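Residue numbering for the sequence shown is 35 to 224, as defined by the numbering used here.
The structure under discussion appears below in the form of structure tokens.
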Amino acid sequence: MNPKLCLGLSLLGSMPLWAEVDASKSTMPEKFQSAPGLIKGGLFMEGSKKRFEGANELNLESYKTKLEVTPGSLTLKHIKDPQPNDQITVKFTLTNGSDKGSTLYFPTAQRCEAVIRDTEGKVIYTWSEDFEFAPDSGYSYVNAGERLNYQLTIPFQALRGKVSTGQASITASLVNYPQLKAEMPLEIQP
């Protein structure tokens, strides 16, 4: 047999084929254990946390809102004695006018809210009170120039006994972002 091969095999046989791993020992080199910018969950260089937060900052001024309400005027007669399909349709549009996309966070499955106020500003109807929403949080990513559209319906029957003739207003807004809202007058005729 070749003497070099015999020597190689004998050396190989004396080496362990496994490494000892002990949970009580730290396997991370000391120079990384106290590195500046060490954040739980991974290594980041100093200052990167601020850059990360700045990148995700939401610029509410860059968003534009639009509200369409049909019909624009109601009659008390229709509200007091509504037909099954009589309803107010609220179309709320949110447009990202910035040059970059952003993420909107919602604490529940509800995304949009609509509120009707009387002439004194008192809330007479809140759309979400007629529904239950899953407690699941969620996100919506809106690219630059893109929009989110929401359509809500308010049955006339829900307004029965709550409105009087005169000028009312309807406001739609995003849940968790009450600054992102749009308002329109709603005329109640006799």
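We put the beta carbon where it would ideally sit given N, CA and C, even for glycine.
All values derive from a computational prediction rather than experimental measurement.
In its own chain, which residues sit with a C-beta less than 6 Å from the C-beta of residue i, not counting the 5 before and 5 after it?
i	result
Gln191	Pro116
Ala143	Phe167, Ala168, Asp170
Could you tell me which of the options sits nearest to residue i, measuring between CA atoms?
i	options	result
Gln223	Leu108, Lys134, Ser171, Val103	Leu108
Leu193	Lys111, Pro141, Phe126	Lys111
Glu163	Met218, Arg181, Glu154, Ile188	Ile188
Leu182	Pro169, Phe167, Gly131	Gly131
Phe165	Gln201, Ala148, Tyr139, Thr129	Ala148
Tyr97	Lys196, Glu180, Ile204	Glu180
Thr160	Val103, Ile113, Asn36, Ile204	Ile204
Met218	Leu92, Asn36, Thr99	Thr99
Gly155	Val103, Ala202, Ala216	Ala202
Gly200	Thr129, Leu220, Val124	Leu220
Between which two residues does the alpha helix (DSSP H) harbouring residue i extend?
i	result
Lys196	That residue, Lys196, is in no alpha helix (DSSP H); it is neither H nor E in DSSP.
Lys98	Element bounds for Lys98: not the alpha helix (DSSP H) but the beta strand (DSSP E), 97-104.
Leu110	110-114
Leaving out five residues on either side along the sequence, give the residues of the same chain with a beta carbon under 7 Å from the beta carbon of residue i.
i	result
Cys146	Phe126, Tyr184, Leu186, Ala206, Leu208, Val209
Gly135	Tyr175, Val176, Asn177, Ala178
Pro141	Ser171, Asn210
Gly75	Residue confidence for Gly75 is low, a pLDDT of 45 falling below 50, so the modelled location carries little weight; the figure read from the coordinates is stated next. Nothing meets the Cβ criterion.
CB-CB under 8 Å to residue i, same chain, minus the five flanking residues each way: which ones, in chain order?
i	result
Ser198	Leu110, Asp152, Ile222
Pro105	Ile122
Tyr173	Thr137, Leu138, Tyr139, Phe140
Val157	Val149, Ile150, Arg151
Write down the C-beta distance between residue i and residue j rounded to the nearest angstrom, noting that I regard them as a contact closer than 8 Å.
i	j	result
Leu214	Leu101	Not confirmed; about 11 Å, so no contact.
What span of residues does the beta strand (DSSP E) with residue i cover, start to end?
i	result
Lys125	121-130
Pro212	211-223
Leu138	136-140
**Report entry** Whole runs of the beta strand (DSSP E) within the segment 143-206, excluding any shorter than 3 residues
**Finding:** 146-151, 157-160, 172-176, 181-189
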